[in-house]
Structure formats: C-alpha cells, structure tokens
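J.: Below are the structure tokens for one structure; questions will follow.
In the UniProt record's numbering, the protein residues as written are 1 to 114.
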C-alpha cells in the first residue's frame, strides 16, 4: 500500500479564522483528567473529539477517505457520486466533508434489521 500525504493541517492556531469547517478537523484539544488520575503513577489525558465539526471522531476518517480517493483520481468533485452504506456518524461525516470539497451527490444506503 502507498502512503498518501493529506492536506489536513493540524497546526492551525486556535485564534485564526478558517477557510471552511474542514480545517477544524483534528484540531481538538487534549485535556488531563487530574481527579481520576490523581493517585496513579501516570497522567491520563483525553482528546475531545466531540469538538470536531460534526462532533465525531469519524470526521477525521471521512476527511482522509475522501482526500485519498481524490488524490488517487478515483473521485472528482462535481462529477463523482459517493455512496456510503451507513446511517451513523461516518455517513454524517462523509456527507459533511464531501459537500465542503464540492461533491454534491452523496447517497446513503440505510439497511434496517426490520
């Protein structure tokens, strides 16, 4: 497999105004859990992924999926149809990222167990 460099910039200062919401993906803060870890020999930190644009860790995965497919020439904004078989957070994140990048046709296939 080939490594593809992403256009996601994780070094954006928090006080800057972003060109679009995709630039906020991955720029979520780390916070120490001081009370929970006070008697432990190590510090515990959590990443606040809910601070991503669609409040999900899936924002990052969706961005990289679309970015990689676009760089490989598999999809083109304005021409390609993206189909995702989900009704969950990944589908929401894909729709969000696809729309920002200019993909206007995203179809979600929802399968119900009933």
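All C-beta atoms, glycine included, are put in the ideal place defined by N, C-alpha and C.
Could you give the residue range of the beta strand (DSSP E) that holds residue 47?
T.: 45-47 is the extent of the beta strand (DSSP E) around residue 47.
J.: Helix, strand or coil, according to DSSP, for residue 75 in the structure here?
T.: Coil at residue 75, not helix or strand.
J.: Give me the Cα-Cα distance between residue 35 and residue 47, rounded to the nearest whole angstrom.
T.: Roughly 16 Å separates the two Cα atoms.
J.: Do the region 41-57 and the region 20-33 meet, that is, are 3 or more Cβ pairs less than 8 Å apart?
T.: Contact between the region 41-57 and the region 20-33 is present, because at least three Cβ pairs lie under 8 Å.
J.: Could you pull the DSSP bridge partners for residue 32 from this structure?
T.: In DSSP, residue 32 forms a bridge with 45.
J.: To the nearest angstrom, report how far apart residue 102 and residue 66 are at their CA atoms.
T.: Answer to the nearest angstrom: the Cα atoms are 11 Å apart.
J.: Can the beta-carbon of residue 89 be found less than 8 Å from the beta-carbon of residue 56?
T.: A contact, by the Cβ cut-off of 8 Å.
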